[in-house]
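Participant: I'd like to ask you about the structure that follows.
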Amino acid sequence: MIREVTRYVGLAVLLFAVQLLVLNNINFNGYASPYIYPMLLLVLPFGVRRWQQLLLGFACGLLMDVFMHSLGLHATAMLVMSFVRLFVGPSDSTRLEAPGLDGGLLWYARYVLVLVLIHHTVLILLASFTLHHLWLTLLRIALSTACSVLFILIASALRVRR
Amino acid sequence: MSTLIRFLQRFHVLLLFLVLLGLSLWLYFSTSYYQKAQLGRWVLQLYGHVHGQFMSLGQYVRMRESNVGLRHENIALKNELERLRNRMQWAAPTTTPMRGDSLAYTYIPARVVNNTVNRQQNHITLNVGQRDGVAPGMGVVSDDGAVGIIAAVSAHFSVAISLLNTDMKLSASHRRSRVFGSLRWPGFDYRRVRLSEIPMHVRLAVGDTVVTSGHSAIFPRDVPIGTIAGYELDGGSAYRVDVVLFDDFRSLDYVYVVRSAEAPERRALELPYFNEENSPNDD
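These protein sequence lines are chains W and G, in that order.
Residue 1457 in the working numbering sits at position 101 of the first sequence, with consecutive numbering throughout.
Residue 254 in the working numbering sits at position 120 of the second sequence, with consecutive numbering throughout.
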């Protein structure tokens, strides 16, 4: 238990560092800005108490907000994503402690895609807070989601190999 | 009572979700972009330092480019100085300085240690702070034009609200006619901003320069911002002007913080009369 918690905190520090120092500087002409830190909640074991999952998601988002000067923005996106995750269970074929690539690439990729899409939709809609240029906003959501999913899958693959 | 407890047991996750959702949305909408930036002050010290180390690599790579830019600026300033000296010789006997030797604006040189352009509310971290004389509310300019407004300072670092922030409005004018309007970033292209409220009678042309109006005492008058790329009537009474920025916000490196000697006095005087949207207060 202690070892798992230590590993989890290590992952949290790593993901926040990568997000703040590397990914925040990536920007494909303003259309896509990838986020890797939601992975922290994605790999949380399904067994964790549900109210704890919500609080953790909220806290992660709030911490990111402090760094990004966007108080409330990431907190909302993470909270909504955590809430939706409560209704997602482990894949049928394998009983999983924590979601990861070992649950099957197809299942895991779909799981990441759906939750990241929800996170990004809330985040980007809330940040622009207008329905003008809706197509541009949707394009931005789609491209950012694609980038983030790619980064999260790569990071997950690296985790498995270790 | 037991019904209430059963209800809570059954729906406690949903209730927690709704409470937290309310809290986060309230935080997001009740705080101004200025307050949001100020909250980051305590991480500024640490973050600015770590990031500075990291960014120096990028600055090293761009050194050649930066040097060429600085040289060009130096030459331009020298020429300007000579021109002014020349003019002063002729003008000296008839003019007296209005406020003794004090300069209306002084410039604090700074470098960008962190900068984003990919969000709707972008910020810039600078390597100067309180100890260098920087205070919230001061303007930031680069060699090419206006960059942003300082929102928070620590001992050695400061955070500025970038011009690329959809929440910020700036008073700017069409240089040829001196008519002013409100400048704002629509949040899409990091090279384009929008100037609105320019009355219909003003004759605009593509390629005209847009500059700061100097109304807010944050920026001096006539700091360049960009050129007009196009314009259209907005609601039949005023123009909406598409402005291409002079600054490339993705490669910002050397900037200057503008310290206005007159700003505090002017703000105190104007406070009851103007409710300026582009002069952040310290609350």
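Where a beta carbon is used, it is the ideal one built from N, C-alpha and C, also for glycine.
How would you list, in chain order, the residues of chain G whose beta-carbon sits under 7 Å from the beta-carbon of H1476 of chain W?
Facilitator: Taking the first residue of the first sequence as position 1, residue 1476 of chain W is located at position 120. What H1476 of chain W touches in chain G: nothing, since even the nearest Cβ is about 13 Å away.
Participant: Can you give the Cα-Cα distance for Q1409 of chain W and V268 of chain G, rounded to whole angstroms?
Facilitator: For the purposes of this step, residue 1409 of chain W is taken as residue 53 along the first sequence, with counting starting at 1. For the purposes of this step, residue 268 of chain G is taken as residue 134 along the second sequence, with counting starting at 1. Answer to the nearest angstrom: the Cα atoms are 42 Å apart.
Participant: Can you say whether V275 of chain G is buried or exposed, counting buried as having 16 or more other CB atoms within 10 angstroms of its CB?
Facilitator: Working through the second sequence from its first residue, we reach residue 275 of chain G at position 141. By the 10 Å Cβ count, V275 of chain G comes out buried.
Participant: Could you pull out every residue in the same chain whose Cβ sits closer than 7 Å to the Cβ of V262 of chain G, ignoring the five residues on either side in sequence?
Facilitator: In the second sequence, the residue the question calls residue 262 of chain G occupies position 128. Excluding sequence neighbours, V262 of chain G sits near I242, A244, V268, S292, V391.
Participant: At the 9 Å Cβ level, is V1374 of chain W part of the contact set with chain G, yes or no?
Facilitator: Mapped onto the first sequence, residue 1374 of chain W falls at position 18. So, not an interface residue.
Participant: Where do the ends of the beta strand (DSSP E) carrying Q255 of chain G lie?
Facilitator: Locating residue 255 of chain G in the second sequence gives position 121, counting from the first residue. Where Q255 of chain G is concerned, the enclosing beta strand (DSSP E) stretches over 255 to 260.
Participant: Using the C-alpha atoms, what's the distance from P1394 of chain W back to H308 of chain G?
Facilitator: For this step, residue 308 of chain G is matched to residue 174 along the second sequence. For this step, residue 1394 of chain W is matched to residue 38 along the first sequence. For H308 of chain G and P1394 of chain W, the distance between alpha carbons rounds to 45 Å.
Participant: Can you pull out the residues from the stretch 306 to 336 of chain G whose beta carbon lies closer than 7 Å to at least one beta carbon of chain W?
Facilitator: Per Cβ criterion, the list reads G321, F322, D323, Y324.
Participant: Of all the CB atoms in chain G, is at least one closer than 9 Å to the CB of S1449 of chain W?
Facilitator: Taking the first residue of the first sequence as position 1, residue 1449 of chain W is located at position 93. Its pLDDT being 47, under 50, S1449 of chain W is placed unreliably by the model, and nothing is read from it.
Participant: Which same chain residues, not among the five before or five after H257 of chain G, have their C-beta less than 7 Å away from its C-beta?
Facilitator: Walking along the second sequence from the start, residue 257 of chain G turns up at place 123. A171, T250, V293, A294, I295, S296.
Participant: Mind checking M232 of chain G: buried by the 16 CB within 10 Å criterion, or exposed?
Facilitator: Here residue 232 of chain G refers to the residue found at position 98 of the second sequence. Only weak support is given to the placement of M232 of chain G: the predicted model assigns it a pLDDT of 46, under 50, and the value that follows is read from those uncertain coordinates. Counting Cβ neighbours within 10 Å, M232 of chain G comes out exposed, since fewer than 16 surround it.
Participant: Taking L379 of chain G and G360 of chain G to be in contact with their CB atoms under 8 Å, please state how far apart those CB atoms are, rounded to whole angstroms.
Facilitator: Against the second sequence, residue 379 of chain G aligns to sequence position 245. Against the second sequence, residue 360 of chain G aligns to sequence position 226. At roughly 4 Å, the Cβ-Cβ gap stays under 8 Å, so L379 of chain G and G360 of chain G are in contact.
Participant: Is the Cβ of I1497 of chain W closer than 9 Å to any Cβ of chain G?
Facilitator: Taking the first sequence and counting its residues from 1, the one referred to as residue 1497 of chain W is at position 141. Not one chain G Cβ lies under 9 Å of I1497 of chain W.
Participant: Can you give me the start and stop residues for the beta strand (DSSP E) that A306 of chain G sits inside?
Facilitator: Numbered from 1 along the second sequence, position 172 holds the residue referred to as residue 306 of chain G. Its beta strand (DSSP E) spans residues 303 to 308.
Participant: Helix, strand or coil: how does DSSP classify F314 of chain G here?
Facilitator: One-based indexing of the second sequence puts residue 314 of chain G at position 180. Residue state, collapsed to three classes: strand.
Participant: Quick check on W1407 of chain W - is its C-beta less than 9 Å from some C-beta in chain G?
Facilitator: Translated into the one-based positions of the first sequence, residue 1407 of chain W becomes position 51. Closer than 9 Å: yes.
Participant: Decide if L367 of chain G is buried, meaning its Cβ has at least 16 other Cβ atoms within 10 Å, or exposed.
Facilitator: Residue mapping note: residue 367 of chain G aligns to position 233 of the second sequence, counting from 1. Flag for L367 of chain G reads exposed.
Participant: Could you give the residue range of the alpha helix (DSSP H) that holds A1388 of chain W?
Facilitator: On the first sequence, position 32 is the one that residue 1388 of chain W refers to. Unbroken run through A1388 of chain W: none, as it is neither H nor E.
Participant: Spell out the partners DSSP gives L379 of chain G in its beta bridges.
Facilitator: In the second sequence, residue 379 of chain G corresponds to position 245, counting from 1. The partner list for L379 of chain G (beta bridge, DSSP) reads G:G360.
Participant: Compute the distance between the beta-carbons of M1424 of chain W and R253 of chain G, then report whether it is under 9 Å.
Facilitator: Residue 1424 of chain W sits at position 68 when you count from the first residue of the first sequence. Residue 253 of chain G sits at position 119 when you count from the first residue of the second sequence. Yes.
Participant: Less than 9 Å between CB atoms is the rule here; does N252 of chain G satisfy it with respect to chain W?
Facilitator: To locate residue 252 of chain G, count along the second sequence from 1; it is residue 118. Yes - at least one Cβ of chain W is within 9 Å of the one on N252 of chain G.
Participant: May I ask you to list, following chain order, the residues of the stretch 1449 to 1468 of chain W that have a beta carbon less than 7 Å from some beta carbon of chain G?
Facilitator: So the list is empty, because no residue satisfies the distance condition.
Participant: By alpha-carbon positions, which one of G:L159, G:W160, G:V246 ends up nearest to S200 of chain G?
Facilitator: Mapped onto the second sequence, residue 200 of chain G falls at position 66. Residue G:V246 is the option with its Cα nearest to S200 of chain G.
Participant: Of all the options G:P406, G:L405, G:L403, G:P398, which has the alpha carbon lying nearest to the alpha carbon of A238 of chain G?
Facilitator: By one-based count along the second sequence, residue 238 of chain G stands at place 104. Closest option to A238 of chain G, Cα to Cα, is G:P398.
Participant: Find out if the Cβ-Cβ distance for the pair L1482 of chain W, T1432 of chain W is shorter than 9 Å.
Facilitator: The residue given as residue 1482 of chain W occupies position 126 in the first sequence. The residue given as residue 1432 of chain W occupies position 76 in the first sequence. In this structure, T1432 of chain W lies closer than 9 Å to L1482 of chain W by Cβ.
Participant: List, in order along the chain, the chain W residues whose C-beta lies closer than 7 Å to that of F291 of chain G?
Facilitator: Along the second sequence, one-based indexing puts residue 291 of chain G at 157. Near F291 of chain G there are no residues of chain W at all, since even the closest Cβ is about 13 Å away, more than 7 Å.
Participant: Starting from L1509 of chain W, find everything on chain G with Cβ-Cβ shorter than 7 Å and list it in chain order.
Facilitator: The residue given as residue 1509 of chain W occupies position 153 in the first sequence. Simply none; closest approach about 21 Å.
Participant: Is there a Cβ from chain W that is less than 9 Å from the Cβ of V147 of chain G?
Facilitator: For the purposes of this step, residue 147 of chain G is identified with residue 13 of the second sequence, where counting begins at 1. Judged by the 9 Å Cβ criterion, V147 of chain G is in contact with chain W.
Participant: What three-state label does DSSP hand V1470 of chain W in the structure shown?
Facilitator: Working through the first sequence from its first residue, we reach residue 1470 of chain W at position 114. In the structure shown, V1470 of chain W sits in a helix (DSSP, three-state: H, G or I).
Participant: Using only CA atoms, which one of W:A1513, W:T1486, W:L1499, W:L1396 lies nearest to G1460 of chain W?
Facilitator: As a working note, residue 1460 of chain W is residue 104 in the first sequence. Checking every option, the nearest Cα to that of G1460 of chain W belongs to W:A1513.
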